[in-house]
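Protein sequence lines, in the order shown, are assigned to chains R and P. Numbered by the working numbering, the letters in the first sequence go through residues 1 to 307 in order. Numbered by the working numbering, the letters in the second sequence go through residues 308 to 614 in order. Every residue, glycine too, gets a C-beta built ideally from N, C-alpha and C. Nothing here was measured: the structure is a model prediction, and the numbers come from that model.
Protein chains: 2
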Amino acid sequence: MNSAVVICECFARDGLQHETAAIAAHDKIEIIDAIADAGFSRIEATSYSHPAQVPAFADASQVLKGIDRREGVSYKATCPNGKAVERALADFAAGYGAEELSLLVSATEAHTERNLRTTREKQWRNVAEMAALAGRRFRLIGVVSMAFGCPFEGKVDQGSVVADIAHFVSIGVRHVTVGDTTGHGTPSSVRSLFERVARDVPEVTAIAHFHDTRGTALANCVAAYEAGCRWFDSALGGVGGHPAQIQYGEGYTGNVATEDLVNLFEAEGVATGLDLDRLSKVSLLCEKTLGRTLQSRVARAGYGFLG
Amino acid sequence: MNSAVVICECFARDGLQHETAAIAAHDKIEIIDAIADAGFSRIEATSYSHPAQVPAFADASQVLKGIDRREGVSYKATCPNGKAVERALADFAAGYGAEELSLLVSATEAHTERNLRTTREKQWRNVAEMAALAGRRFRLIGVVSMAFGCPFEGKVDQGSVVADIAHFVSIGVRHVTVGDTTGHGTPSSVRSLFERVARDVPEVTAIAHFHDTRGTALANCVAAYEAGCRWFDSALGGVGGHPAQIQYGEGYTGNVATEDLVNLFEAEGVATGLDLDRLSKVSLLCEKTLGRTLQSRVARAGYGFLG
Numbered sequence: 001m002n003s004a005v006v007i008c009e010c011f012a013r014d015g016l017q018h019e020t021a022a023i024a025a026h027d028k029i030e031i032i033d034a035i036a037d038a039g040f041s042r043i044e045a046t047s048y049s050h051p052a053q054v055p056a057f058a059d060a061s062q063v064l065k066g067i068d069r070r071e072g073v074s075y076k077a078t079c080p081n082g083k084a085v086e087r088a089l090a091d092f093a094a095g096y097g098a099e100e101l102s103l104l105v106s107a108t109e110a111h112t113e114r115n116l117r118t119t120r121e122k123q124w125r126n127v128a129e130m131a132a133l134a135g136r137r138f139r140l141i142g143v144v145s146m147a148f149g150c151p152f153e154g155k156v157d158q159g160s161v162v163a164d165i166a167h168f169v170s171i172g173v174r175h176v177t178v179g180d181t182t183g184h185g186t187p188s189s190v191r192s193l194f195e196r197v198a199r200d201v202p203e204v205t206a207i208a209h210f211h212d213t214r215g216t217a218l219a220n221c222v223a224a225y226e227a228g229c230r231w232f233d234s235a236l237g238g239v240g241g242h243p244a245q246i247q248y249g250e251g252y253t254g255n256v257a258t259e260d261l262v263n264l265f266e267a268e269g270v271a272t273g274l275d276l277d278r279l280s281k282v283s284l285l286c287e288k289t290l291g292r293t294l295q296s297r298v299a300r301a302g303y304g305f306l307g
Numbered sequence: 308m309n310s311a312v313v314i315c316e317c318f319a320r321d322g323l324q325h326e327t328a329a330i331a332a333h334d335k336i337e338i339i340d341a342i343a344d345a346g347f348s349r350i351e352a353t354s355y356s357h358p359a360q361v362p363a364f365a366d367a368s369q370v371l372k373g374i375d376r377r378e379g380v381s382y383k384a385t386c387p388n389g390k391a392v393e394r395a396l397a398d399f400a401a402g403y404g405a406e407e408l409s410l411l412v413s414a415t416e417a418h419t420e421r422n423l424r425t426t427r428e429k430q431w432r433n434v435a436e437m438a439a440l441a442g443r444r445f446r447l448i449g450v451v452s453m454a455f456g457c458p459f460e461g462k463v464d465q466g467s468v469v470a471d472i473a474h475f476v477s478i479g480v481r482h483v484t485v486g487d488t489t490g491h492g493t494p495s496s497v498r499s500l501f502e503r504v505a506r507d508v509p510e511v512t513a514i515a516h517f518h519d520t521r522g523t524a525l526a527n528c529v530a531a532y533e534a535g536c537r538w539f540d541s542a543l544g545g546v547g548g549h550p551a552q553i554q555y556g557e558g559y560t561g562n563v564a565t566e567d568l569v570n571l572f573e574a575e576g577v578a579t580g581l582d583l584d585r586l587s588k589v590s591l592l593c594e595k596t597l598g599r600t601l602q603s604r605v606a607r608a609g610y611g612f613l614g
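Put into structure tokens, the structure is as follows:
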């Protein structure tokens with residue numbers, strides 16, 4: 001089945017990044033394989049973060065080695081620095097590397113300082129070095145986080161975000177994730193930014209990455225779709241979320257829930273190309289693995305499209 | 308402050324209807340008064356259902372008598388039959404009646420049979436009798452539930468829903484709530500129905516009433532707004548929900564959460580006319596009264612609009 005949209009399933013990385021309990025590598029592998037079985041063509045699998053800084057992904061190579069590779073599926077790994085790219089290259093050389101590497105900048109200086117502990121200027125230099133080091137072995141995915149607002153700086157100028165996306169193009173990156181990291185986007189700001197990117201940086205495939213911090217993620221996905229976006233990130237159970245959000249309460253309100261996004265697309269007649277029964281099964285597997293009820297509404301209520 | 312949208316706060320009726328624990332009348336009164344203090348001009352306060360059938364609202368008259376009436380606020384009560392309208396008239400004569408009565412039909416025969424235990428034809432006769440009995444003492448609010456789909460019948464013909472709305476007009480009702488009772492609506496079906504109602508039944512004020520069964524409630528509110536709708540129903544904490552939904556799991560995923568809807572409108576520059584600090588306080592009061600964490604994202608994360 002052809003799909004009209006490309007959904008990257010982010011449970012295993014963005015979803016798990018801030019989980020407090022350690023998830024065993026074999027559990028991650030089981031989930032990633034089940035995600036692939038459901039038909040996703042892009043899967044965010046892990047991060048080559050420094051194991052001491054992000055212990056959740058100390059098993060990055062183990063996970064990439066352990067998954068059962070499916071033809072036509074791209075596995076993505078996050079890279080924060082040159083050392084991470086070197087690890088990605090080593091795994092690639094060993095025959096089990098990721099197909100995609102994601103390289104992140106933040107739209108604001110204050111968030112860059114707090115989250116990445118550097119300046120935007122230095123981070124752009126870091127990203128350019130990573131892109132050069134990665135060469136053409138991987139599909140590079142740029143990420144601009146805080147693209148719709150920042151808890152530290154407030155509003156974010158859309159012209160600046162468009163310039164960041166163009167900056168990615170200048171270092172050879174053709175796919176850029178536009179991240180609403182803390183749920184400040186609204187349908188109108190999403191629509192205007194995605195329309196502007198399509199107009200001003202047409203060589204880029206923009207990817208919508210929305211968090212549901214304030215319940216707007218699905219509405220924002222609709223707005224991005226209406227603005228022409230066809231690539232989306234989501235996480236099963238709506239897990240993930242920045243620690244700055246989690247501190248507000250017990251809810252791990254993170255990414256838009258894959259189950260809910262898929263249900264909405266299918267209900268609207270937009271083919272996702274997924275096996276919906278298998279998707280339901282991996283949704284249950286994620287809840288079982290994390291040991292709690294997650295945030296997807298559809299996981300509770302079932303699919304809602306009608307014959 | 309003028310408001311660009313009119314939000315009817317439905318916590319005390321649609322929200323509480325299916326709660327298993329009994330909520331004391333004084334707690335309901337405290338919440339309704341706090342809702343009025345936050346600036347809502349329309350509040351769904353109770354239902355004149357038969358006390359034996361819906362014990363949660365056996366205190367209907369007590370609640371209406373106990374609330375501290377605010378000028379400019381309309382209190383709404385649901386009426387299922389002529390006996391209920393007689394009780395509403397008696398309370399009105401005693402000086403503490405509701406300003407609005409809502410009269411419900413379901414868009415589908417199967418749901419009418421299961422939920423109202425009658426036929427659509429008989430229910431329309433019942434509704435016409437109630438409207439005649441109520442006379443001009445109240446603003447009558449028609450309700451068409453299952454307007455976007457039905458778990459028993461599947462798809463619902465929009466022409467039939469428009470005919471139901473026109474039917475309400477023929478019996479003197481000028482405000483009609485269009486209900487997505489079980490979360491089958493999508494942005495495109497919502498947009499097309501609200502546009503069609505505005506075109507075909509222009510004398511009616513259509514009210515968007517969306518449940519978040521499948522996470523689409525906020526996206527559907529955006530679509531209704533874009534189609535010209537300015538009247539919305541919501542419930543604090545996103546409580547409510549039809550028992551047929553609740554059976555699927557532990558989540559009481561009901562109405563669109565007031566906190567999240569208000570946050571979205573304010574973030575989009577659409578004035579709600581509400582006192583947001585007081586809204587946050589009544590949101591906490593609702594959680595305290597029900598003794599559990601409710602469904603609003605904004606209640607956890609705080610308002611997201613930026614200066």
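1) Using a Cβ-Cβ cut-off of 7 Å (strictly less than) and excluding sequence neighbours within five positions of Gly-389 of chain P, which residues of its own chain qualify?
2) Flag Leu-613 of chain P as yes if its beta-carbon sits less than 8 Å from any beta-carbon of chain R, otherwise no.
3) Give the C-beta separation of Asn-56 of chain R and Glu-19 of chain R to the nearest angstrom, bearing in mind that I take them to be a contact with Cβ-Cβ under 8 Å.
4) Between the stretch 202 to 222 of chain R and the stretch 590 to 599 of chain P, do at least 3 Cβ pairs fall closer than 8 Å?
5) If we cut at 8 Å on Cβ distances, does His-491 of chain P have a partner in chain R?
6) With 8 Å set as the bound, which would you pick, yes or no: does the beta-carbon of Asn-422 of chain P sit closer than that to a beta-carbon of chain R?
7) Please report the residue range of the beta strand (DSSP E) in which Gly-179 of chain R lies.
8) By the DSSP assignment, the beta strand (DSSP E) with Ile-141 of chain R in it spans what residues?
9) Using the C-alpha atoms, what's the distance from Val-85 of chain R back to Leu-261 of chain R?
10) Could you tell me the alpha carbon to alpha carbon distance between Thr-488 of chain P and Gly-302 of chain R, rounded to whole angstroms?
11) Applying a beta-carbon distance threshold of less than 9 Å, which residues of chain P neighbour Phe-264 of chain R?
12) Nearest to Pro-387 of chain P by CA position, among P:Gly-402, P:Arg-607 and P:Ser-413, is which residue?
13) Quick check: is the beta carbon of Glu-9 of chain R nearer than 8 Å to any beta carbon in chain P?
14) Can you name the start and end residues of the beta strand (DSSP E) that Val-313 of chain P belongs to?
15) Under three-state DSSP, which class holds Gly-611 of chain P?
16) Run the CB neighbour count on Pro-187 of chain R, radius 10 Å, all protein chains shown included, and call it buried at 16 or more, exposed below.
17) If we define contact as Cβ-Cβ less than 8 Å, is Val-144 of chain R a contact residue for chain P?
18) Rounding to the nearest angstrom, what Cα-Cα distance links Thr-216 of chain R and Ala-534 of chain P in this structure?
19) Classify Tyr-96 of chain R as helix, strand or coil using the three-state DSSP reduction.
20) Does DSSP put Cys-624 of chain P in a helix, in a strand, or in coil?
21) Using alpha carbons as the reference points, say which of R:Phe-40, R:Val-5 and R:Asn-126 lies closest to Leu-236 of chain R.
22) Alpha carbon to alpha carbon, how far is Ala-12 of chain R from Gly-611 of chain P?
23) Under the DSSP definition of a beta bridge, which residues are partnered with Val-105 of chain R?
24) Please list the partners that Arg-604 of chain P has in chain R, where partner means a Cβ-to-Cβ separation under 7 Å.
25) Am I right that Leu-218 of chain R and Ala-526 of chain P are in contact with their C-beta atoms under 8 Å? What's the rounded C-beta distance?
26) Tell me the rounded alpha-carbon separation between Leu-586 of chain P and Ala-332 of chain P.
27) Below 8 Å on the Cβ atoms is my guess for Thr-213 of chain R versus Thr-253 of chain R; work out the distance and round it to an integer in Å.
28) Rank R:Glu-109, R:Arg-87 and R:Thr-108 by C-alpha distance to the C-alpha of Leu-101 of chain R and give the top, closest one.
29) Can you list, in chain order, the residues of its chain with a C-beta nearer than 8 Å to that of Trp-670 of chain P? Leave out the 5 residues immediately preceding and following it.
30) Would DSSP call Gly-466 of chain P helix, strand or coil?
31) I need the DSSP call for Arg-604 of chain P, collapsed to helix, strand or coil.
32) Can you tell me where the alpha helix (DSSP H) with Thr-565 of chain P in it begins and where it stops?
33) Does Leu-140 of chain R pass the burial test, meaning 16 or more other C-beta atoms within 10 Å, or should it be called exposed?
34) What residue range is occupied by the uninterrupted alpha helix (DSSP H) comprising Phe-347 of chain P?
35) DSSP three-state call for Ile-514 of chain P: helix, strand or coil?
36) For Lys-76 of chain R, which residues does DSSP report across the bridge?
In brief:
1) For this step, residue 389 of chain P is matched to residue 82 along the second sequence. Taken in chain order, the residues that qualify are Glu-436, Met-437 and Leu-440.
2) Stepping through the second sequence from its first residue, residue 613 of chain P is reached at position 306. With 8 Å as the cut-off, Leu-613 of chain P counts as an interface residue toward chain R.
3) In the first sequence, residue 56 of chain R corresponds to position 56, counting from 1. In the first sequence, residue 19 of chain R corresponds to position 19, counting from 1. One detail in the question is off: residue 56 of chain R reads as Ala in this sequence, not Asn. 7 Å between Cβ atoms; contact.
4) Here the stretch 202 to 222 of chain R does not lie against the stretch 590 to 599 of chain P, with fewer than 3 beta-carbon pairs under 8 Å apart.
5) Counted from its first residue, the second sequence places residue 491 of chain P at position 184. Residue contact with chain R for His-491 of chain P: present (Cβ-Cβ distance below 8 Å to some residue of chain R).
6) Within the second sequence, numbered from 1, the residue matching residue 422 of chain P stands at position 115. Between Asn-422 of chain P and chain R, the shortest Cβ-Cβ separation is not below 8 Å.
7) Taking the first residue of the first sequence as position 1, residue 179 of chain R is located at position 179. Residues 175 to 180.
8) Position 141 of the first sequence, counted from the first residue, corresponds to residue 141 of chain R. In this chain, the beta strand (DSSP E) harbouring Ile-141 of chain R covers 139 to 145.
9) Numbered from 1 along the first sequence, position 261 holds the residue referred to as residue 261 of chain R. Numbered from 1 along the first sequence, position 85 holds the residue referred to as residue 85 of chain R. C-alpha separation (whole angstroms): 31 Å.
10) Counting from 1 along the second sequence, the entry for residue 488 of chain P is found at position 181. Counting from 1 along the first sequence, the entry for residue 302 of chain R is found at position 302. In a straight line, the C-alpha of Thr-488 of chain P is about 15 Å away from that of Gly-302 of chain R.
11) Residue mapping note: residue 264 of chain R aligns to position 264 of the first sequence, counting from 1. The sequence as given places Leu at residue 264 of chain R; Phe does not occur at that position. Listed along chain P, the residues sitting closer than 9 Å to Leu-264 of chain R by beta-carbon distance are Thr-493, Pro-494, Arg-521, Gly-522, Thr-523 and Ala-526.
12) The count along the second sequence starts at 1 and reaches residue 387 of chain P at position 80. Comparing Cα positions, the closest option is P:Ser-413.
13) For this step, residue 9 of chain R is matched to residue 9 along the first sequence. So no, Glu-9 of chain R is outside the interface.
14) In the second sequence, counting from the first residue as 1, residue 313 of chain P sits at position 6. Element bounds for Val-313 of chain P: 313 to 316.
15) Taking the second sequence and counting its residues from 1, the one referred to as residue 611 of chain P is at position 304. Correct three-state label for Gly-611 of chain P: coil.
16) Reading the first sequence from its first residue, position 187 is the one you call residue 187 of chain R. Burial is judged here by how many other beta carbons sit within 10 angstroms of a residue's own beta carbon; Pro-187 of chain R has at least 16 and is buried.
17) As a position in the first sequence, residue 144 of chain R is number 144, starting the count at 1. With respect to chain P, the C-beta atom of Val-144 of chain R has no partner C-beta closer than 8 Å.
18) As a first step, residue 216 of chain R is located in the first sequence; it is residue number 216 there, counting from the start. As a first step, residue 534 of chain P is located in the second sequence; it is residue number 227 there, counting from the start. When rounded, the distance between both Cα atoms is 19 Å.
19) As a working note, residue 96 of chain R is residue 96 in the first sequence. Tyr-96 of chain R: coil per DSSP, three-state reduction.
20) The requested residue 624 of chain P does not occur in the structure, where chain P is confined to residues 308 to 614.
21) Numbered from its first residue, the first sequence carries residue 236 of chain R at position 236. Checked all of R:Phe-40, R:Val-5 and R:Asn-126; the closest Cα to Leu-236 of chain R is R:Phe-40.
22) Along the first sequence, read from residue 1 onward, the residue named residue 12 of chain R stands at position 12. Along the second sequence, read from residue 1 onward, the residue named residue 611 of chain P stands at position 304. When rounded, the separation of the alpha-carbon atoms in Ala-12 of chain R and Gly-611 of chain P is 27 Å.
23) Locating residue 105 of chain R in the first sequence gives position 105, where the first residue counts as 1. Note: Val-105 of chain R sits in a beta bridge opposite R:Val-144.
24) Here residue 604 of chain P corresponds to residue number 297 of the second sequence, with the count starting at 1. By Cβ distance, chain R contributes Asp-212, Thr-213, Arg-214, Gly-215 and Thr-253.
25) By 1-based counting over the first sequence, the position of residue 218 of chain R is 218. By 1-based counting over the second sequence, the position of residue 526 of chain P is 219. Yes, they are in contact, since the Cβ atoms of Leu-218 of chain R and Ala-526 of chain P sit about 5 Å apart, within 8 Å.
26) In the second sequence, residue 586 of chain P corresponds to position 279, counting from 1. In the second sequence, residue 332 of chain P corresponds to position 25, counting from 1. Going by the C-alpha atoms only, they are around 21 Å apart.
27) To locate residue 213 of chain R, count along the first sequence from 1; it is residue 213. To locate residue 253 of chain R, count along the first sequence from 1; it is residue 253. With 8 Å as the limit, Thr-213 of chain R and Thr-253 of chain R qualify as a contact, their Cβ atoms being about 6 Å apart.
28) Here residue 101 of chain R is taken as the residue at index 101 of the first sequence, counted from 1. Closest option to Leu-101 of chain R, Cα to Cα, is R:Arg-87.
29) Residue 670 of chain P lies beyond the range of chain P shown here (308 to 614); nothing can be said about it.
30) Reading the second sequence from its first residue, position 159 is the one you call residue 466 of chain P. Three-state result, Gly-466 of chain P: helix.
31) Against the second sequence, residue 604 of chain P aligns to sequence position 297. Coil, per DSSP.
32) If you number the second sequence from 1, residue 565 of chain P lands on position 258. Per DSSP, Thr-565 of chain P belongs to the alpha helix (DSSP H) from 565 to 574.
33) Within the first sequence, numbered from 1, the residue matching residue 140 of chain R stands at position 140. So Leu-140 of chain R ends up on the buried side.
34) Here residue 347 of chain P corresponds to residue number 40 of the second sequence, with the count starting at 1. Where Phe-347 of chain P is concerned, there is no enclosing alpha helix (DSSP H), because DSSP gives it neither an H nor an E.
35) Sequence index remark: in the second sequence, residue 514 of chain P carries index 207 (1-based). Secondary structure at Ile-514 of chain P: strand, using DSSP grouped into helix, strand and coil.
36) Within the first sequence, numbered from 1, the residue matching residue 76 of chain R stands at position 76. Beta-bridge partners of Lys-76 of chain R (DSSP): R:Glu-44 and R:Glu-100.
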